[in-house]
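Structure first, then comments.
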Amino acid sequence: MHCLRVTPPLPTPALLDAAGSGDADARQQLFRDWAPVVLRWCKSLGGPKVDAEDAAHDVLVTALTRLPTLREAARFDAWMFGITRRVLTGHRRTAWVRGWIPGFTPDVPDSAEGPNARIERNQTGARVQAILERLPEDHREILVLCDLEERSDEAAAALLGVAVGTAKSRLRRARERFQILAERSGLAADNAPAALGGGR
Amino acid sequence: MNNYEDAKSAARERFEPSELAVARLSRRAAATLDQPRPSRRPVYAGFAALSVAAAALLFALRPTVTVSALAADTATTMQVSDDVALSYAGRGEVTTDGAHSRVAWELGTLDVEVTPNRGVDLVIETPEATVRVIGTGFTVARDALGSAVDVRHGIVAVRCGDGREGQLTAGQSMTCLPVRAAGMLARAKALAAGGAGDADVLVALDAGLRLDASAPVRAELSARRIRTLSALGRDEEAAAAASAWLAGDETIRRAEVEDLAFAVAMRRGDCATATRLAKTDAQAATAAACER
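Chains as they are written, first to last, in our numbering: chain V, 39 to 238; chain W, 251 to 542.
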């Protein structure tokens, strides 16, 4: 299986200590490496109603504030993913509440791309996002980690804090469910079975 | 969309954050973290009250900072302060307290006029470039090709994200190239769409491949590089690049690279390789004829 380089190298304990102590350079390096990862997670897992940049901002601020509580530098990625999940849960709840306030317009930036050449790709991307949004959270997470980001089952299990067997069975069920929803939503039949890479 | 790879690629593209969004996020998070956090311990309540009073005083005396969004499809002007005027068509954001101004420019053309010799502190930032004003008039244009700075009069200092820097005087210009592989891919696409020569496109693709890239971007850059080498008639290099690419396990653009490799092998008269690469009946027949 080939792997995308979706995760930067884990930060060294020295870098984490420096960033936790307020060292601006160390903090910038952490941002440089991890802001793209966190923002990608927030975009793919947060759904269309969550402002991904707002959520990612909260994740980074929370992480930097709580760095002293990180016990194992080797598990920094799982720790960041855990913070991202909790922050996204809060943002999803807020978005849901706002949806019930009459006249309230969610403050979500327009992510539409300008050039016409990208419209078709965006439509397909938007449809995949809409299908992901309709999946249970655990299915959405495993699909994003394993199929979109192409992590191994073992790596995804480590991030999610579950056994490898659990991750595998969850991934199988998530793919089945995604396929059903993809076919219902009209994503082309030849796209549907593995639109997220389920063919591996 | 003819195959699932396109759908997967489209979904990834949708979720891939832009350089600008990452830069904006990092700045915003850093600004939040730099704000002093209030103490929660009651023992400090008195100090807190004093601090609040002092802060209120400072707040009342501070320069008024204003943040304005810039967004216009047609040329629009804005007087940032007595000494700074902007004319723009595109989008960005300007922050100013009167004496110090900073413009984060995202896309489009930004024209700046600064009254010289008034000690104006103005910085224009794009993802690829930082331009510091030294009393002048100049234009910053950002598109897929990069950020171009053109100076009409006066002097500006430009620092590109790739480390290049210089001072520009009237009539001089400088273009800061994208600093991420995805940006270089966009530049290569824009060059090709704009009718630039294949040699120029190849330079952008090679530059993108020298940068740290995610697997999808690297695959796209590599596939386009093979196609461009082929278009330039550099079949030996195209064949070698295609062979190396196909030896990997990347799936994105594989069918396209296989077709390219087949066509290059046929052009070179390498019938054995063409036979090995043939995927369709027509290709197999062509390769068989070549072997005969």
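We treat Cβ as the ideally placed atom computed from N, Cα and C, and that holds for glycine.
Query	Result
Output needed for Ala465(W): all residues of its chain with C-beta closer than 8 Å, excluding positions within five of it in sequence on either side, in chain order.	Glu500, Ile502
Along chain V, in chain order, which residues have C-beta atoms closer than 7 Å to that of Val272(W)?	Ala73, Pro74, Leu77
Near Val373(W), what residues of its chain come up, given a Cβ to Cβ distance below 8 Å and the 5 sequence neighbours on each side ignored?	Ser351, Arg352, Val353, Thr380, Val381, Arg382, Val383
In chain V, what lies closer than 7 Å to Pro377(W) by C-beta?	Going along chain V, no residue has its Cβ under 7 Å from Pro377(W), so there is no contact; the nearest lies around 13 Å.
Hey, could you find the ends of the beta strand (DSSP E) Gln244(W) is sitting in?	Chain W is shown from 251 up to 542; residue 244(W) falls before or after that span and cannot be answered.
Could you check whether Asp448(W) and Leu482(W) sit closer than 8 Å to each other, using their CB atoms as the reference points?	yes
Does any residue of chain W have a CB that is nearer than 8 Å to the CB of Gln67(V)?	no
Could you pull the DSSP bridge partners for Met328(W) from this structure?	Leu336(W)
Could you tell me the alpha carbon to alpha carbon distance between Met516(W) and Glu487(W), rounded to whole angstroms?	14 Å
So the candidates are Ala492(W), Arg264(W), Lys439(W), Tyr338(W); which of them puts its Cα closest to the Cα of Arg165(V)?	Arg264(W)
Run down chain V in chain order and give the residues with a C-beta less than 7 Å from the C-beta of Pro267(W).	Pro74, Leu77, Arg78, Lys81
Compare the C-beta of Ala280(W) with all C-beta atoms of chain V and state if any pair is closer than 8 Å.	yes
For Glu187(V), does the three-state DSSP call read helix, strand or coil?	coil
Report the rounded CA-to-CA distance for Ala299(W) versus Leu102(V), giving the unit in angstroms.	27 Å
Note the first and the last residue of the continuous alpha helix (DSSP H) segment covering Ile218(V).	202-223
Can you tell me whether DSSP reads Ser318(W) as helix, strand or coil?	strand
Give the DSSP-derived three-state secondary structure of Ser464(W) in the structure shown.	coil
Express the C-alpha separation of Asp450(W) and Ile476(W) in angstroms, rounding to a whole number.	14 Å
What does DSSP give as the partner residues of Trp79(V) in its beta bridges?	Trp79(V) pairs with nothing; no bridge assigned.
Could you check what DSSP says for Val302(W) in three-state terms: helix, strand or coil?	helix
Measuring CB atoms only, is the region 454-461 of chain W touching the region 489-497 of chain W, in the sense that at least three cross pairs come out at less than 8 Å?	no
If the cut is a Cβ gap below 9 Å, which residues of chain V does Gly503(W) touch?	The amino acid occupying residue 503(W) in the given sequence is Arg; Gly does not appear at that position. Within chain V, no residue comes near Arg503(W); the closest Cβ sits about 13 Å away, beyond 9 Å.
Could you tell me whether the region 99-114 of chain V touches the region 52-62 of chain V, using the rule of 3 or more Cβ pairs below 8 Å?	yes
For Gln217(V), which residues in chain W fall below 9 Å Cβ to Cβ?	The premise fails here: Gln217(V) is roughly 11 Å from chain W at the closest Cβ pair, so nothing lies under 9 Å.
In terms of DSSP beta bridges, what is Arg382(W) paired with?	Val373(W), Ala407(W)
Which two residues bound the contiguous beta strand (DSSP E) that contains Gly458(W)?	Per DSSP, Gly458(W) belongs to no beta strand (DSSP E); it is in the alpha helix (DSSP H), 448-459.
Residues of chain W with CB under 9 Å from Leu186(V), in chain order?	Lys258, Ala261, Arg262, Phe265
Can you tell me the Cβ-Cβ gap for Tyr338(W) and Thr346(W), rounded? I've got them flagged as a contact below 8 Å.	Rounded, the Cβ-Cβ distance is 15 Å, inconsistent with contact.
Looking at chain W, which residues of the region 171-196 of chain V have a Cβ within less than 9 Å of any of its Cβ atoms?	Val182, Asp185, Leu186, Glu187, Glu188
Closer than 8 Å, CB to CB, is Ala116(V) near chain W or not?	no
Would you list, in sequence order, the uninterrupted beta strand (DSSP E) runs of no fewer than 3 residues that lie entirely inside the region 484-531 of chain W?	none
Less than 8 Å between the beta carbons of Ala205(V) and Asp191(V), yes or no?	yes
Is the distance from the Cβ of Val76(V) to the Cβ of Leu98(V) below 8 Å?	yes
Under a three-way DSSP split, which group does Ser423(W) fall into?	strand
Along the alpha helix (DSSP H) that carries Asp92(V), what are the first and last residues, could you check?	90-103
Going by DSSP, what residues sit across from Ser351(W) in a beta bridge?	Thr346(W), Leu372(W)
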